[in-house]
Amino acid sequence: MTTHPVQLSIIVVSYNTRDATIACLRSAIENAPAGSELVVVDNGSSDDSAAAVREAFPAATVIEAGRNLGFARGVNLGVRHATGDYIVLLNPDTVVLDGSLSTLVAFAVARPEFGLYGGRTIRRDGSTDPSSCWGAPSIWSLTCFATGLSTVFRRSRFFDPESLGRWERDSVREVPIVTGCLLLMRRAHWDALGGMEERFFLYGEDAEFSLRAARHGYRPVIVPDAVIVHDVGGSTASSGRKMTLVMAGKVTMLTRSWAWGRAAVGIRLLLLGTANRALLEWASRRRSTTWRTVWRARADWRAGYPRAERALFADADADAAGAEARV
């Protein structure tokens, strides 16, 4: 009896990352099951990304959005054009290592009880990049952020619980949040969940998606033999701007996932943590102004998306903190 091969759709959302996107796609298709397809959503790039991808991969489906849709809307658009039994999200600033997508799909087929799958990310020097997954936010984790304990005791299981401690992502383990730089799911399950929440523009949408999936009975899991190299934040033009977007995403995730009163407390803790870090930057005369930038922009991010998107992207030519610049 001949079985139908598993079909995989590789979804990449790009924004002005032409060369990195082509390198990502090449590594992905070389390390995916036979018959996999490439689906690329170009978020209004000005570097001829779409044309370059079509030339390098004539069989790829390339969708030109015409503007920066952000990550969630870009991903959902790509999935609507996908035909595979499984979909995998990849950042364009990643490189897939030997056989990793094949390994991830094989694990998902063999262990369907999990339903949502991630892998292990490493940096260019081979060290572990822990950002392939995170713990769920809580009042305690946000209190640690507000007081600076999560910074002083970075990767402490107690004082920095969202980091998941010093676990090197080197064993199969269920986790609260699988990040969108490498995320695999069966297409039917994706559709049942309704895809990514399009209220988000950038950052936080994968956390909300994972937590929502868990509420529907899925069990996000890390598969350590599925490995990518991730050039973390490589295309973010400003650390302050990037962190402002991260905070907008966190606020939106809290308001979408928590009860109103709890979310309000969480947002106040985010504001307090930002204020304390901005004050420390000022008092220590640090060259970095990341947190002072975030504090000055608090009126723009503390309401979350979509208000934050309108405020932070009022200028159509705002910097290149597009859908590929993710942590």
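Heads up, this note's numbering is the position in the sequence shown plus 19, with the first residue counted as 1. Built from N, CA and C at the ideal position, the CB exists for glycine as well. Note that the coordinates shown come from a computational prediction; the quantities given were computed from them, not determined experimentally.
Q: Report yes if the CB atom of T40 is closer than 9 angstroms to the CB atom of S46, and no otherwise.
A: no
Q: Would you mind reading off the limits of the beta strand (DSSP E) that contains R218?
A: From DSSP, R218 is part of no beta strand (DSSP E); its letter is neither H nor E.
(Q) Rounding to the nearest angstrom, what Cα-Cα distance links R130 and I196 in this structure? (A) 18 angstroms
**Q.** Entirely enclosed beta strand (DSSP E) segments - the region 142-214, minimum 3 residues
**A.** 201-205
Q: Can you tell me which of the three DSSP states G323 falls into?
A: G323 carries a coil assignment under DSSP once its states are collapsed to helix, strand and coil.
Q. Given that a residue counts as buried once 16 or more other Cβ atoms are within 10 Å of its Cβ, and exposed if not, what is G184?
A. exposed
Q. Which residue or residues does DSSP assign as beta-bridge partners of S33?
A. D61
Q.
Quick test of the definition: if touching needs 3 or more C-beta pairs under 8 angstroms, does the region 230-244 touch the region 278-290?
A. no
Q) Does the region 217-231 touch the region 316-326, meaning 3 or more C-beta pairs lie closer than 8 angstroms? A) Three or more beta-carbon pairs separated by less than 8 angstroms link the region 316-326 to the region 217-231, which places the two stretches in contact.
Q) Are the beta-carbon atoms of E227 and S157 separated by less than 9 angstroms? A) The answer is no: Cβ separation not under 9 angstroms.
Q: Report the option in S119, G103, L135, G63 whose CA atom is closest to the CA atom of C43.
A: S119
Q | D244 vs F126 beta-carbon contact at 9 angstroms | A | Yes, Cβ-Cβ distance for D244 and F126 is below 9 angstroms.
Q) So is P52 buried or exposed if we call it buried at 16+ other beta carbons inside 10 Å? A) Buried, by the Cβ-count rule.
**Q.** Contact set for A69: own chain, Cβ-Cβ below 6 angstroms, skip 5 residues either direction
**A.** D61, V81, E83
**Q.** Three or more C-beta pairs below 8 angstroms linking the region 260-275 and the region 129-147
**A.** No, the region 260-275 does not touch the region 129-147.
Q) Cβ of S64 within 9 angstroms of Cβ of N35? A) yes
(Q) I need the straight-line Cα distance from F178 to F172, nearest angstrom please. (A) 6 angstroms
Q.
With a threshold of 6 angstroms on Cβ separation, who are the neighbours of L331 within its own chain once the five nearest residues in sequence on each side are excluded?
A. D319
Q) Could you give the distance in angstroms between the alpha-carbon of S160 and the alpha-carbon of S175? A) 11 angstroms
Q) Which residue's Cα is closest to the Cα of E56: D67, D66, P77? A) Ranked by Cα distance from E56, the first of D67, D66, P77 is P77.
**Q.** Separation of I30 from A155, as counted between CA atoms
**A.** 25 angstroms
Q. From which residue to which residue does the alpha helix (DSSP H) around E74 run?
A. 68-75
(Q) Is the beta carbon of I106 closer than 9 angstroms to that of V114? (A) Result no, Cβ atoms of V114 and I106 do not sit closer than 9 angstroms.
Q. What are the residues that DSSP puts in a beta bridge with V115?
A. I247
Q) Under the three-state reduction of DSSP, which class applies to T102: helix, strand or coil? A) coil
(Q) Quick check: the Cα distance between E216 and N50, rounded to an integer number of angstroms? (A) 29 angstroms
Q | Beta-carbon contacts of R287 that lie in its chain and below 7 angstroms, excluding the five residues immediately before and after | A | none
Q) Got a sec: is the Cβ-Cβ distance from E193 to anything in chain D below 9 angstroms? A) No chain D is part of this structure, which consists of one protein chain only.
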